[in-house]
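Undergrad:
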Amino acid sequence: MHLRHAVRSLMTAAATLALGVACFAAPASAAAPSAPRASLLDIPPRGANDWSCKPDPTHPQPVVLVNGTFKLMAENWAVLSPKLKRAGYCVFAFNYGHMATDPVASSAAELKDFVEAVRGATGAAKVDLVGHSQGGMMPRYYVKFLGGADKVDDLIGIVPSNHGTTNPLAKPLGDTVCPACTDQITGSDLLTRLNAGTQTPPGPDYTVVTTRYDEVVVPYTNALLSGPKEYVTNVVLQDRCPLDPFMHDQATKDPVVAQWVLDALGRKGPADADFQPRCAG
């Protein structure tokens with residue numbers, strides 16, 4: 158099992174690095190011919206970015222989806238975005254930080270701006286944030302340091318890098334094309350500052366959903382947050398669905414994860430720690 162995970166991790170990182178290098182190595186002279194491609198990269202997932210959508214009393218907060226590192230919104234949220242839309246939510250997504258490789262602090266500033274745009278368009282006082290990997294951790298910087306505590310109702314992290322990773326591939330990626338990867342190494346300056354004092358500042362409700370088979374955030378327990386149970390819930394998928402096979406990269410497409418997300422969004426407070434999802438298979 159460990160060998161399979163290691164091979165999968167190496168393959169994922171190699172593909173990721175190739176994608177990152179391709180994106181950053183394009184010559185400036187190619188900018189004009191590639192304009193249609195840039196437009197393609199900014200296509201939202203199905204169900205997202207209807208800027209005329211207005212929240213209703215049953216779904217009072219718009220949902221903002223926050224990508225993981227090296228991810229684009231169309232792929233990262235291809236399954237969950239339309240599911241949330243069908244459930245009645247106003248859903249929004251955006252690409253940030255050069256495929257989420259920029260320093261976490263600067264990406265958090267982009268998130269702040271996007272949240273303000275969503276609040277302005279919808280008239281909502283607060284938003285719910287659902288983030289994958291870095292996208293589950295980075296919003297905590299916005300909440301803690303950039304005034305987001307009173308703008309966020311729910312923060313739901315799917316396999317978030319809350320305490321970073323000991324995966325040895327993070328450093329070479331960080332040294333080449335991905336400052337955000339350096340920020341996500343366990344013990345980094347960014348994470349030390351973020352986790353000093355309270356990890357879960359009052360304001361939002363915090364839900365973490367992770368998997369024992371996470372090969373990117375290593376160990377998987379680095380996703381978990383400490384805080385009062387009144388507004389912090391940590392979920393390990395296999396505690397409720399022992400046969401759930403999902404790993405890190407495709408966790409947003411897991412139907413069991415979607416049930417936890419909908420539970421957290423649909424109730425006051427974080428996800429119900431006693432919730433029993435329907436296990437796939």
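First residue of the sequence shown? That's 158 in the working numbering, and the numbers climb one at a time after it. The beta-carbon is built from N, C-alpha and C at its ideal position, and this holds for glycine as well. On a predicted model such as this, the values are computed, not experimentally measured, just so you know.
#1: Can you find the residues in the same chain that come closer than 7 Å, C-beta to C-beta, to V413, ignoring five residues on each side of it along the sequence?
#2: Taking T279 as the reference, give the member of S264, D396, P359 and P214 with the closest Cα.
#3: Mapping the DSSP letters down to three states, classify C180 as helix, strand or coil.
#4: Going along the chain, which residues of its own chain have a beta-carbon closer than 6 Å to the beta-carbon of A235, five neighbours each way excluded?
#5: Taking Q416 as the reference, give the member of K211, D340, A244 and Q356 with the closest Cα.
#6: How would you write the range of the alpha helix (DSSP H) that G254 sits in, first residue to last?
#7: Take G384 and list the residues in its own chain whose beta-carbon comes closer than 8 Å to its own, dropping the five residues that flank it on each side.
#8: For the putative contact between L286 and V374, defined by C-beta atoms under 8 Å, what is the C-beta separation to the nearest angstrom?
#9: Whose C-alpha, out of T339, L198 and D311, is nearest the C-alpha of P219?
#10: Around the Cβ of E387, are there at least 16 other Cβ atoms within 10 angstroms (buried) or fewer (exposed)?
#11: Which first and last residues belong to the alpha helix (DSSP H) in which Y299 is found?
#12: Among the residues of its own chain, which have a CB less than 7 Å from the CB of K328, if the five just before and after it don't count?
#13: What distance in whole Å lies between the Cβ atoms of C335 and T258, which are believed to be in contact at a cut-off of 8 Å?
#14: In chain order, what are the residue ranges of uninterrupted beta strand (DSSP E) at least 3 long that sit wholly in the stretch 365-418?
#15: Going by DSSP, which residues form a beta bridge with L330?
#16: Nearest chain C C-beta to P317 closer than 8 Å, yes or no?
#17: Assuming S345 contacts V316 (C-beta within less than 8 Å), just tell me the rounded distance between them.
#18: Does the separation of the CB atoms of Y299 and A274 fall below 8 Å?
#19: To which residues of the same chain is Y370 closer than 6 Å at the C-beta, ignoring the five residues directly before and after it?
#20: For the beta strand (DSSP E) containing G314, name the first residue and the last one.
#21: State the CB to CB distance for the pair G254 and A380, rounded to an integer number of angstroms; the pair is presumed to be in contact (CB under 8 Å).
#22: Going by DSSP, what residues sit across from A274 in a beta bridge?
#23: With a floor of 4 residues, list each alpha helix (DSSP H) that falls wholly inside the stretch 193-272, ordered by position along the chain.
#24: Rounded to whole angstroms, how far is the Cβ of V309 from the Cβ of G360, which I believe are closer than 8 Å?
#25: Going straight from the alpha carbon of A306 to that of V272, what length do you get?
TA: Working from what's here:
#1: Translated into positions along the sequence shown, residue 413 becomes position 256. The answer, listed in chain order, is L394, C398, D401, P434, C436 and A437.
#2: As a position in the sequence shown, residue 279 is number 122, starting the count at 1. Closest by alpha carbon: P214.
#3: On the sequence shown, residue 180 is found 23 positions in, with the first residue counted as 1. For C180, the predicted structure reports a pLDDT of 32, less than 50, and the residue's modelled location is therefore unreliable. A value from the coordinates is still provided. DSSP places C180 in helix when its eight states are reduced to three.
#4: Your numbering for residue 235 matches position 78 in the sequence shown. Excluding positions up to five away in sequence, the list reads P202.
#5: Taking the first residue of the sequence shown as 1, we reach residue 416 at position 259. Closest by alpha carbon: A244.
#6: Here the question's residue 254 lines up with position 97 in the sequence shown. Element bounds for G254: G254 to A257.
#7: Counting from 1 along the sequence shown, the entry for residue 384 is found at position 227. Counting only Cβ-Cβ distances below 8 Å, and skipping sequence neighbours, we find T355, Q356, T357 and Y363.
#8: Indexing the sequence shown from 1 puts residue 286 at position 129. Indexing the sequence shown from 1 puts residue 374 at position 217. No, L286 and V374 are not in contact; Cβ-Cβ is about 18 Å, not under 8 Å.
#9: Position 62 of the sequence shown, counted from the start, is the residue given in the question as residue 219. For P219, the nearest C-alpha among the options comes from D311.
#10: Along the sequence shown, read from residue 1 onward, the residue named residue 387 stands at position 230. So E387 ends up on the exposed side.
#11: Within the sequence shown, residue 299 is the residue found at index 142, counting from 1. Looking at the DSSP string, the run of the alpha helix (DSSP H) that includes Y299 is Q291 to F302.
#12: As a first step, residue 328 is located in the sequence shown; it is residue number 171 there, counting from the start. I342.
#13: Here the question's residue 258 lines up with position 101 in the sequence shown. Here the question's residue 335 lines up with position 178 in the sequence shown. Indeed they touch by this definition, with Cβ atoms about 4 Å apart.
#14: 389-393
#15: The residue you call residue 330 lines up with position 173 of the sequence shown. The partner list for L330 (beta bridge, DSSP) is empty, contrary to what the question assumes.
#16: You won't find chain C in this structure, because it holds only one protein chain.
#17: The residue you call residue 345 lines up with position 188 of the sequence shown. The residue you call residue 316 lines up with position 159 of the sequence shown. That pair is no contact at about 18 Å.
#18: Translated into the one-based positions of the sequence shown, residue 299 becomes position 142. Translated into the one-based positions of the sequence shown, residue 274 becomes position 117. Taking 8 Å as the Cβ cut-off, Y299 and A274 do not qualify as a contacting pair.
#19: Taking the sequence shown and counting its residues from 1, the one referred to as residue 370 is at position 213. The answer, listed in chain order, is M404.
#20: Here residue 314 refers to the residue found at position 157 of the sequence shown. Unbroken beta strand (DSSP E) run through G314: V309 to I315.
#21: On the sequence shown, residue 254 is found 97 positions in, with the first residue counted as 1. On the sequence shown, residue 380 is found 223 positions in, with the first residue counted as 1. Between A380 and G254 the Cβ distance is about 20 Å, and since that is not below 8 Å, they are no contact.
#22: Residue 274 sits at position 117 when you count from the first residue of the sequence shown. Bridge partners of A274: none, in fact.
#23: 230-233, 237-243 and 254-257
#24: Reading the sequence shown from its first residue, position 152 is the one you call residue 309. Reading the sequence shown from its first residue, position 203 is the one you call residue 360. About 7 Å separates the two Cβ atoms, so the contact holds.
#25: Here residue 306 refers to the residue found at position 149 when the sequence shown is read from its first residue. Here residue 272 refers to the residue found at position 115 when the sequence shown is read from its first residue. Going by the C-alpha atoms only, they are around 12 Å apart.
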